[in-house]
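Below is one structure, written out as structure tokens; the observations come after it.
Numbering (the UniProt record's numbering), first residue to last: 1 to 142.
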């Protein structure tokens, strides 16, 4: 189950389904949480957990640790056997799409987290020595 604020969960799940061929994410459900709808969210999460748990436990992927959607997912997952990974991103979902569905929720969570960590990259160019020679057309919108 993927859960997040606004349309984050649905949008990222749709994007991942567009990237990875096949039905590797057919068993993944997205729940989008709107502002101020904690009670409604609670009901949707409860129903979703019952739908997705086939007796092996569930993987909960949330956008932000400690947020209402994440905590609602965690609270309602007790008794089901679950693993949680936060920081929802496209790398996690593409990894999940290709993962062995015989894996435990813990194994899936670790694989998704590892993929997400490897996908985060910072590249910086601090060389300002050539800025007077910069090509003005590079950033031109016209």
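Where is the CB? At the ideal position from N, CA and C, for every residue including glycine.
Item, Value
"Scan the UniProt domain \"PTS EIIA type-4\" (1-120) and note each continuous beta strand (DSSP E) run of 3 residues or more that stays entirely inside, going in chain order.", "2-5, 30-33, 58-62 and 82-86"
"Could you check what DSSP says for residue 126 in three-state terms: helix, strand or coil?", "coil"
"Where residue 128 and residue 121 are concerned, what is the direct C-alpha to C-alpha distance, given to the nearest angstrom?", "21 Å"
"Would you call the stretch 102-121 and the stretch 75-84 touching, i.e. three or more CB-CB distances under 8 Å?", "yes"
"Given that a residue counts as buried once 16 or more other Cβ atoms are within 10 Å of its Cβ, and exposed if not, what is residue 65?", "exposed"
"So, for residue 32: in the same chain, excluding its five sequence neighbours on each side, which residues have a beta-carbon less than 6 Å away from its beta-carbon?", "7, 9 and 10"
"Cα separation between residue 17 and residue 79?", "30 Å"
"Assuming residue 97 contacts residue 25 (C-beta within less than 8 Å), just tell me the rounded distance between them.", "5 Å"
"Excluding five sequence neighbours on each side, which residues of the same chain lie with their C-beta closer than 8 Å to the C-beta of residue 63?", "3, 4, 5, 8, 9, 69, 70, 86, 87 and 88"
"Between the C-alpha atoms of residue 142 and residue 125, what's the straight-line distance to the nearest angstrom?", "Note on residue 142: pLDDT 47, under 50, position unreliable in the model; the coordinate value appears next. If you take the alpha carbons of residue 142 and residue 125, they lie about 25 Å apart."
"So, is residue 158 buried or exposed, given that buried needs 16 or more other C-beta atoms within 10 angstroms?", "Outside the shown range of the chain (1 to 142) lies residue 158, about which nothing can therefore be said."
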